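Residue numbers (the numbering used here), protein chains in the order written: chain L, 1 to 139; chain B, 1001 to 1439; chain R, 2001 to 2077; chain V, 3001 to 3348.
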Amino acid sequence: MVCRRLLVTNNPQLCPVVRSCVFVEGTTLDVLLRVRDHVHLGWRLLTHPLYGNLRPHQHLYRSILLERQEGSVDLESLDYMESALRIYTAESRRIMSADGIPEEHREDFAFVDYELIKESLLQYGMVTADGALPSGGRR
Amino acid sequence: MPISLKGGKERTMKLELHRVKISKLAWGDATSAKDGVLTVNKEELLSVLAGDERLTKVDVDFAQPGESVRILPVKDVVEPRFKLEGAGGVFPGMLSDVETVGEGKTLVLSGAAVVTTGKIVRFQEGIIDMSGPGAEYTPYSATCNVVVILENAKGIDKHEYETACRMAGLKAAAYLAEKCAGAKVDAVETYESLSLKDMPAPPTLPKVAYLYMLQSQGLLHDTYLYGVDVKKILPTYLNPTEVMDGAIVSGNCVSACDKNNTYVHQNNPVIANMFKRHGVDFNFIGCIVTNENVTLLDKRRSSSYAVKLARTLGVDGLLISEEGFGNPDADLIMNCWKAERAGIKTTLLTDEYAGQDGASQSLADSCVEGDACVTAGNANEVIVLPPMDKVIGEPEEANVIAGGWQGSLAADGTITVELQAILGSTSELGYTKLGAYTI
Amino acid sequence: MVKEIERAGLPVVHVCTIVPISLTVGANRIIPAVAIPHPLGDPSKTAEEEKQIRRRLVERSLKALQTEITDQTVFND
Amino acid sequence: MSYRIVHYINQFYAGIGGEEKADIRPEIREGVVGPGMALKGALGSEATVVATVICGDSYFASNMEQASAEILEMMKQYKPDAVVAGPAFNAGRYGTACGAICEAVMKNLGIPAVSGMYPENPGVEMYKKSFYIVETPDSAVGMRKAIPAMAKLVLKLLKGETLGTPAEEGYIERGIRKNKFYDKLAAERAVDMFVAKLQGKPFVTEYPMPVFDRVPPNPAVKDMKNATIALVTSGGICPKGNPDHIEASSASKFGEYDITDVKDLTCDDFCTAHGGYDATYADQDADRVLPVDVLRDMEKEGVFKKLYNKFYSTVGNGTAVASAKKFGAEIARKLIADGVTAVILTST
């Protein structure tokens, strides 16, 4: 089956509950690069790559929703990806990695990331029927 | 100073703000305002806030201008207001019924503020310093702050906790103002939101509106309009006086520097300055409220819809204010070029994330049409905040808030952070005098 | 880069996938290419077919260089 | 006490010689040399030029890292409080050397550095973000204006005074955003600007958004049969192993690669340095980005006379407009010198 929509994320909490997900082992920049490559191959952004109000070095996770489209490269998507990458590469030395970050903080980051993408996942029917979304915040 | 706008009578919405000036806080037996002093009955205030099972602990404290006090992490700031006359109550859809507000008389404890503190999402709250170099950057170092300290019950959802904190701030603010209802009023300001039919200003003046962008990325990055999550609205029309009665309430846990706290919504300086020029330089016909959602579909829909509203209202110009950084820049830019291409002149109000050295690109998006842009400064500039005698809240949060980093908090209490961590420092409603220029 | 070479006095033809970007950076003679990862090729085709595609794009480029223009021009065929 | 300043100049201004002496190695002399005399006068009693470093432009350009290190060591012995370099006016290599020295001084010695250049000097685009460069006319005729402005700026920096805007202080805009408190709230400033725009009156935006200029098209190639065609790419194609270490994004350099006798860019010899797209297809066959194979065929068929024997390559992704401009200008200079007729530039 060819999936029409796809979530690209490095947030480990998300993949288990989402239909068609590409899990990226790496940083937020790796997620952006993966999405950019998808855009080159004809995928279109459904969500903005810079959701949240944080600089590249201020968060651990990034999740972006894509849709397969007909025809050539979607310029708007490419434009947003290039702009986002400019912001990221300008601060590439400061991009956050999970190493050395306490579990509790990582959970906070994962939670916020999930919060921000949740509405869009529901809107585009990306949540698996049996996969109740993680409750978040419960400790 | 009363600001009055002449106009037709029947259809106008007239709101009088009755200002009681507060310059000092004191504990006492009865909550009241007199001679610039707001006296607070601590037990009574705590009892108003009690009974929410989502909160295990609620406490209150004071932080006054000039004191060696630091508050962090701050969630929201609310100005105490109470409806003396007219339909509805303050914070409609939140604390009061959903009746339309913006008419009658509203009591304002000018100079006082309720500040809520408590850990919600660890890295997304802000700092208020009441003195020292940090105080210059936050408008809330100049207010007499009643600080509400909140602790969540174990196992509670973050949204539930956010709601509880938000409601506690609103309740405290409404309570304080209500108790001062009989106090001597220092000044009365009158604002009139006019119906289009009665627009009195010379027809030769251009017609303008204010495009009011609200953060709406997700449950903890949200804003409420009459209690409605603005993520779910289509852009809509709002009378400026409704905002003054608390029609817009912040539910934000985003970067401290440019989240628009409920306080700045209540005191929106763009609206205040638009009123000042109304009838002289232009005809101010009101606000168009729009959102900043995560999906591109929503962005396209909202920007097109907002511009369509502006066209229908026949405006010649739109002043557009943003909230936040990153994807909201995309909304700002879409709003800008769609309006300009529809023949509507725009001016943008934003802030910048140009990196600690100021050398990075300030906005995540741009368009040639954005030729008139005012900025509230670069949020990434680094500032050193010397230790304070007293810290309300949790000082170690400095290491995890946005704008801080592991090691931001030194052993002696000094905090080195980006301005991003200081509440309201680069307010995109333009509530500070900060700006930036190119060297 | 395109613009500076043109400014120095050499005619340049810009073969690129994203025409609007080319227009934005100020190229004058523009040939739309196949796709970003392979502007002058198509891995889904055979090697011969692919070279044919490339040949056509280069021929079009040379033709563009021999065409007088006064403004930014996209050569579509 | 007066501040100690070390001055940097090239072989020409030291009176050693022109291009034929451009390869002399750095040396340091006590006191002033050449334009240092005027600098001394402009600094007055507040600062003294304690020593002058002289280096040949070519030597510096071809041994940048080593020359910088050597020069820093020389300077250190004189315990400078600040360094002044140039003015370099519109001399490209001199400007680049002044820029590199000043940047190294700021970074490694932690003291202020000032230079002076004509705005189109390539040294400006390369180094303006690192330190202050005073705007000068394009030739040494402007020396009398340049030196006092540079002296004034370096004294201000030494005294830790707050600098005004580029226009007020006479330096070239560095493109760095700095905060300041205005007299009015941002909201009031916005409404002021809004009214000015509505009324068609002049106003100055506080944040100029990036804009792009245009160049008129060059005349068409009349005689293709006798033309030399050159290939340039922003797709990062380079010999396998990326010998020049062109960065995957935000490239700071471009590569020049010989393709004499190369008929086809095979995966054994060529790849891409570009990090801005999925590199799989370009790595498999670099002709997909840079059509050498087809151009060789056409050269043989006599469609045009010659494929230029080198190609130039950089990575367009994330590369600053200023760098891209500089690359373009340098590449064009080489191509024109070698008699190239026209250019095919490919981008991904």
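Note that the Cβ used here is the ideal one computed from N, Cα and C, for glycine as well. On a predicted model such as this, the values are computed, not experimentally measured, just so you know.
- Among the residues facing chain V, His57(L) is not included, as its CB has no counterpart in that chain under 9 Å away.
- For Tyr1437(B), there is no enclosing alpha helix (DSSP H); the enclosing beta strand (DSSP E) has its first and last residue at 1434-1438.
- Interface with chain V (9 Å Cβ-Cβ cutoff): Asn2076(R) is excluded.
- When the alpha-carbon of Arg93(L) is set against those of Thr27(L), Leu6(L), Val39(L), Arg4(L), the nearest one is in Thr27(L).
- Fewer than three pairs of CB atoms, one per stretch, sit closer than 8 Å, so the segment 1094-1113 of chain B makes no contact with the segment 1346-1353 of chain B.
- Counting of Cβ neighbours within 10 angstroms places Glu82(L) among the buried residues, the total reaching 16 or more.
- DSSP places Trp43(L) in the strand class (E or B) of the three-state scheme.
- The three-state secondary structure of Gly3036(V), taken from DSSP, is helix.
- Under the 9 Å criterion on CB atoms, Gly3116(V) is classed as non-interfacial with respect to chain L.
- By the 16-neighbour rule on beta-carbons within 10 angstroms, Val1382(B) is exposed.
- Interface annotation for the segment 1310-1324 of chain B against chain V: Asp1316, Gly1317, Leu1319, criterion Cβ-Cβ distance under 7 Å.
- Ser1032(B) sits in a strand when the DSSP states are folded into three classes.
- In this structure, the CA atom of Leu1309(B) is about 56 Å from the CA atom of Ala3104(V).
- Under a criterion of Cβ atoms nearer than 7 Å, the residues of chain V adjacent to Asn1273(B) are, in order, Ala3187, Glu3188, Val3191.
- In the three-state scheme derived from DSSP, where H, G and I count as helix and E and B as strand, Val3340(V) is classed as coil.
- Under the DSSP assignment, Cys1367(B) falls outside any beta strand (DSSP E); it carries neither an H nor an E label.
- Here Ile3336(V) is exposed: its Cβ has fewer than 16 other Cβ atoms, across all protein chains shown, within 10 Å.
- Going by DSSP, Ala3088(V) is part of no alpha helix (DSSP H) but of the beta strand (DSSP E) stretching over 3082-3089.
- Every beta strand (DSSP E) stretch that sits fully inside the segment 1074-1132 of chain B and reaches 3 residues is listed by chain position as 1081-1085, 1104-1110, 1112-1117, 1126-1129.
- Between Ala3097(V) and Met3075(V), the CB-CB gap reaches or exceeds 9 Å.
- Counting only Cβ-Cβ distances below 9 Å, Gln123(L) has contacts in chain B at Thr1295, Leu1297, Asp1298, in chain order.
- Scanning Leu6(L), Arg4(L), Pro12(L), His57(L) for the CA closest to the CA of Tyr114(L) turns up Pro12(L).
- Using a CB distance cut-off of 9 Å, Asp3138(V) does not count as an interface residue toward chain R.
- Across the segment 62-75 of chain L, no CB contact with chain V closer than 8 Å is found for any residue.
- Under the Cβ criterion (8 Å, minimum of three pairs), the segment 1427-1439 of chain B counts as touching the segment 1262-1273 of chain B.
- For the segment 3265-3288 of chain V, the residues whose beta carbon sits under 7 Å from a beta carbon of chain L are, in order, Tyr3277, Asp3278.
- Of all residues in the segment 16-40 of chain L, only His40 place a beta-carbon less than 7 Å from a beta-carbon of chain R.
- In this structure, the alpha-carbon of Ala1402(B) lies about 48 Å from that of Leu3265(V).
- When DSSP states are grouped into helix, strand and coil, Ala2035(R) belongs to the strand group.
- Taking 9 Å as the threshold, the shortest C-beta distance from Glu1079(B) to chain V does not fall below it.
- Leu1072(B) and Ala1050(B) have their C-alpha atoms some 22 Å from each other.
- Inter-residue distance for Glu1369(B) and Val1289(B) is about 21 Å (C-alpha atoms, whole angstroms).
- Taking C-beta separations shorter than 6 Å and ignoring five residues to either side along the sequence, the partners of Ala3149(V) in its chain run Val3134, Gly3170, following chain order.
- Boundaries for Cys3267(V): no alpha helix (DSSP H) harbours it, and the DSSP string shows neither H nor E there.
- Taken atom to atom, the span from the alpha-carbon of Gly1355(B) to that of Asn1378(B) is near 8 Å.
- For Pro1387(B), the closest Cβ of chain L is not nearer than 9 Å.
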